[in-house]
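A.B. asks: Note that the protein sequences, when read in sequence, are chains A and B. As numbered in the working numbering, residues 9 to 345 make up the first sequence, in order. As numbered in the working numbering, residues 9 to 345 make up the second sequence, in order.
2 protein chains.
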Amino acid sequence: MTDQNGSQSKRHRRVTAQTIADLAGVSRSAVSRAFSPGAYLSAEKRHRILKIAAEAGYQPNALAVGLKEGRSNLVAVFVGSMRNPYDAAFMGCLARSLNAIRKWPILIDGTDKSANSAVEELMRYPLDALILRGGSMAPEIVEHCARAGIPMISSGRPVSAPRVDNVCCRNAEGLREMTRLLIARGRSRFGFLGGPPEFYSSAQRRAGVLGALDEAGLRPIAEATGDYTVEVGAAAARRLLRENDLDALVCANDATAIGALSAARDLSLDVPGDVAVVGFDDIAMAEWPIFNLTTVRNPIEPAVGAIIRLLEKRLADPGKPGESISIDAVIIERGTH
Amino acid sequence: MTDQNGSQSKRHRRVTAQTIADLAGVSRSAVSRAFSPGAYLSAEKRHRILKIAAEAGYQPNALAVGLKEGRSNLVAVFVGSMRNPYDAAFMGCLARSLNAIRKWPILIDGTDKSANSAVEELMRYPLDALILRGGSMAPEIVEHCARAGIPMISSGRPVSAPRVDNVCCRNAEGLREMTRLLIARGRSRFGFLGGPPEFYSSAQRRAGVLGALDEAGLRPIAEATGDYTVEVGAAAARRLLRENDLDALVCANDATAIGALSAARDLSLDVPGDVAVVGFDDIAMAEWPIFNLTTVRNPIEPAVGAIIRLLEKRLADPGKPGESISIDAVIIERGTH
DNA sequence: TTGTAAGCGTTATCAA
DNA sequence: TTGATAACGCTTACAA
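1) Output, in chain order, the set of chain A residues within a Cβ distance shorter than 7 Å of V238 (chain B).
2) State the Cα-Cα distance for the pair C177 (chain A) and D289 (chain A), rounded to the nearest angstrom.
3) Using the C-alpha atoms, what's the distance from L106 (chain A) back to I116 (chain A)?
4) What residues in its chain sit with their C-beta under 7 Å from that of I339 (chain A), if we drop five residues either side in the sequence?
5) With H, G and I counted as helix, E and B as strand and the rest as coil, what does DSSP make of I229 (chain B)?
6) What span of residues does the alpha helix (DSSP H) with A42 (chain B) cover, start to end?
7) Which residues, in order along the segment 129 to 146 of chain B, keep a beta-carbon less than 9 Å from a beta-carbon of chain A?
8) According to a CB-to-CB cut-off of less than 9 Å, which residues of the segment 110 to 124 of chain A neighbour chain B?
9) I'd like to know whether the C-beta of A265 (chain B) is nearer than 8 Å to at least one C-beta of chain A.
10) Are the CB atoms of V217 (chain A) and L257 (chain A) within a distance shorter than 8 Å?
11) Between K328 (chain A) and chain B, is any beta-carbon pair separated by less than 8 Å?
12) For Q16 (chain B), count neighbouring C-beta atoms within 10 Å of its own C-beta (all shown protein chains included) and say buried if the count is 16 or more, exposed if not.
13) Apply the 10 Å Cβ neighbour rule to Y48 (chain A) and answer buried if 16 or more other Cβ atoms are within range, or exposed otherwise.
14) Secondary structure at E331 (chain A), three-state DSSP: helix, strand or coil?
15) What are the residues in the segment 58 to 83 of chain A lying within 8 Å of chain B by C-beta distance?
16) Suppose contacts are defined by Cβ-Cβ distances below 8 Å. Is F299 (chain A) in contact with L254 (chain A) by that definition?
17) Kindly indicate which residue of A:L31, A:P147, A:E148, A:G287 has the alpha-carbon position closest to the one of D262 (chain A).
18) If we ignore side chains and look at the alpha-carbon of each, how far apart do A154 (chain B) and E129 (chain B) end up?
19) So, under 8 Å CB-CB, V34 (chain B) and I57 (chain B) are touching, yes? Tell me the CB distance rounded to an integer number of Å.
20) Using 8 Å as the threshold, is the C-beta distance between P68 (chain A) and A29 (chain A) below it?
21) Measuring alpha carbon to alpha carbon, tell me which residue in A:E341, A:R317, A:A324, A:T344 is nearest S332 (chain A).
22) Taking the alpha carbon of G88 (chain A) as the point to measure from, which residue in A:L82, A:S80, A:N81, A:A97 has its own alpha carbon closest?
23) Could you check whether T264 (chain A) and G219 (chain A) sit closer than 8 Å to each other, using their CB atoms as the reference points?
24) Here's the rule I'm using: 16 or more other beta-carbon atoms within 10 Å means buried, otherwise exposed. How should K59 (chain A) be labelled?
25) Decide if D336 (chain A) is buried, meaning its Cβ has at least 16 other Cβ atoms within 10 Å, or exposed.
26) Just checking: is the beta-carbon of S398 (chain A) within a distance shorter than 8 Å of some beta-carbon in chain B?
27) Just list the alpha helix (DSSP H) runs in the segment 200 to 252 of chain B, keeping only unbroken ones of 4 residues or longer that don't cross its boundaries, in chain order.
28) Output yes or no for whether 8 Å exceeds the beta carbon distance between M145 (chain B) and F207 (chain B).
29) Looking at chain A, which residues of the segment 152 to 178 of chain B have a Cβ within less than 7 Å of any of its Cβ atoms?
30) Given this structure, state the Cα-to-Cα distance separating D95 (chain A) from A38 (chain A), to the nearest angstrom.
31) If distances are taken between C-alpha atoms only, which option among A:R22, A:T27, A:A123, A:A103 comes closest to E77 (chain B)?
32) Taking its Cβ as the centre, do 16 or more other Cβ atoms sit within 10 Å of L201 (chain B), making it buried, or is it exposed?
33) Tell me, please, which residues DSSP counts as bridged to T303 (chain B).
34) Measuring only the C-alpha atoms, how far is W296 (chain B) from T119 (chain A)?
35) My understanding is that L71 (chain A) touches S40 (chain B), with C-beta atoms under 8 Å, so please give their C-beta distance in whole angstroms.
36) Quick one, which residues of the segment 243 to 271 of chain A are near chain B if we go by CB-CB under 7 Å, in chain order?
Here you go:
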């Protein structure tokens, strides 16, 4: 007790392997070996060293280890916007999975433009990887990563560059199947409410809808674009529903669809009686009774699982060619169709 | 062009200060000085070095710098749960602010129990700080941080330990004022729907409600606890509203209040006609027309601003005593009271 | 099985 | 103004 106070009052001297070595009367390398599972070291000595280390609160300095090994165990994650519920949920799952394999996710929120320069700056660390989750990342950064030898894994929008891995949901298939379902249920006057046209996911999803309509000899009556938020989705849906006699409104994501639901309510349109409304993603809110939204699930766990697997493979063999993994979307039938 | 291909095909040699020094025909120290604003170096030489460095894509290795300076520029952020919309929004804002000052937020999602061991492991890095945002962090970790000399900043739940900084919303005052407002508007039969009782924020908010009621010579008719989620909030509210004749239901957070709103709807109770429902936090959803929730804002930007300021002060003077900053809550009157 | 020593990429100190 | 050199804390040949 007094001992503790004594050492605390003393100028804070950093505890290193040498400190432990002195305490245990062994060499610095013995301490290092005690912490590397495979290394030669008598069981008795290892035990003693580990005990002393634990008492002193010693752990090998990750910066020094990283410098030595040329690997930081740091993973940059560029996420479109944490204001987007899907991205936020995705990030949560990804963080938990990375934490579990002792890789450390550094979060770059792509909301404002400065995010790109932040990534650039972050590349001073020998990152284990850069993971892209939506958002718009400047193309030159991809090149910088390649030059710096930083592996890149993109999710949600395929990046075609050598040795870049991709994980992507089958967007078109998902919404094509959903549209077929709506057609089979007798819907024929379709509207499509997309996200920003430059977003890969929005374009893909639109293609799915148009494809299914085309198969049935149909065309959308009306289309509009939003920005994947509830507010803008509501405004766009209001216009779409007022100016057109739709019996189905397909939205490019759930937030937009939830906006559309309020628009329908405002216009005293019955959902699904007068018009069906469907979304994409299956965010947590979609399941709330008040929305009970029929949607296409963009499954987070499989996507994150694929990212983790790709990361581990890439770390094991940095030179291997890029891989692409597709994740199946899942139709979730609830009450709005 | 061919040059680029040539160097690319070659075994990837890491670009270091030495590489640039050789290219520029100067010493390694000159390169280092070129990157340190204050250092002595002829303008001409600095310019040349910087140009060559840019062409070669060189940036000083952050691991080496960190090892040298004993500072990593890494900040661990322990966040209760990314499934919680408030925590997710908070994290987004915090990440953007840290990115801006070139500190790198490592996200630890406290959802599962392993989060504590992850933090322990992460302390191998000489972290600039550990920021706590909600969730339950094992008490011994606080002590380990102190031992390792890692500054700690807690937000949302005060940690009283030497040299720990705190940022906290005036929870009690916020809900006390809100309750007074409801009383002034003629409400008298109050229910309180809390979060997990062991959560500091829930206890504080409850105290505020009880305080205001007491001032008016009132007591709550019924109380229940939830877990800060919509689902559990809805279930608890349903019971509360069915079994008691309440004219005001004060909820400890917005998610719970939104659950309460659906419960009221299910029971054909008019809000605010039959019963007022209010929340706490002012998450983005609270403003949606479909909810239009009267609530108490737990302002994110001021809290994050305070955290950043405290971090910078702490880094400048690691030994200074801990500071506590309180953030004023703000009554947001919408349509449910 | 153990210890010594070299090197990972920087920056700061000290001479020149 | 510049360049050599010594840390920073670790791991790993290499030698004993």
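Beta carbons: idealized from backbone N, C-alpha and C, even for Gly. Quantities reported herein were computed from a predicted structural model and do not represent experimental measurements.
C.D. replies: Inspection of the coordinates gives the following:
1) W296
2) C-alpha separation (whole angstroms): 10 Å.
3) 15 Å
4) E185, M186, L189, V304
5) Coil, per DSSP.
6) 36 to 43
7) E129, L130, M131, R132, Y133, P134
8) Cβ contacts with chain B: R110, W112, P113, I114, L115, I116, D117, T119, D120, S122, A123.
9) No, because no Cβ of chain A sits closer than 8 Å to the Cβ of A265 (chain B).
10) Taking 8 Å as the cut-off, the beta carbon of L257 (chain A) is found no closer than this to the beta carbon of V217 (chain A).
11) no
12) Reliability fails at Q16 (chain B), whose pLDDT of 36 lies under 50, so the model's placement of it is uncertain and no value is given.
13) Classification for Y48 (chain A): exposed.
14) Shown here, E331 (chain A) sits in coil according to DSSP, grouped into three states, outside any helix or strand.
15) The segment 58 to 83 of chain A vs chain B, Cβ under 8 Å: G65, Q67, P68, N69, A70, L71, A72, V73, G74, L75, G78, S80, L82.
16) No, Cβ-Cβ distance for F299 (chain A) and L254 (chain A) is not below 8 Å.
17) A:G287
18) 15 Å
19) 7 Å
20) no
21) A:R317
22) A:A97
23) no
24) With fewer than 16 Cβ atoms within 10 Å of its Cβ, K59 (chain A) is classed as exposed.
25) exposed
26) Absent from the structure is residue 398 (chain A), since the part of chain A shown begins at 9 and ends at 345.
27) 208 to 223, 238 to 251
28) no
29) H152, R155, A156, G157
30) 45 Å
31) A:R22
32) buried
33) B:G287, B:I340
34) Rounded to the nearest angstrom, the two C-alpha atoms are 21 Å apart.
35) Rounded, the Cβ-Cβ distance is 18 Å, inconsistent with contact.
36) S270
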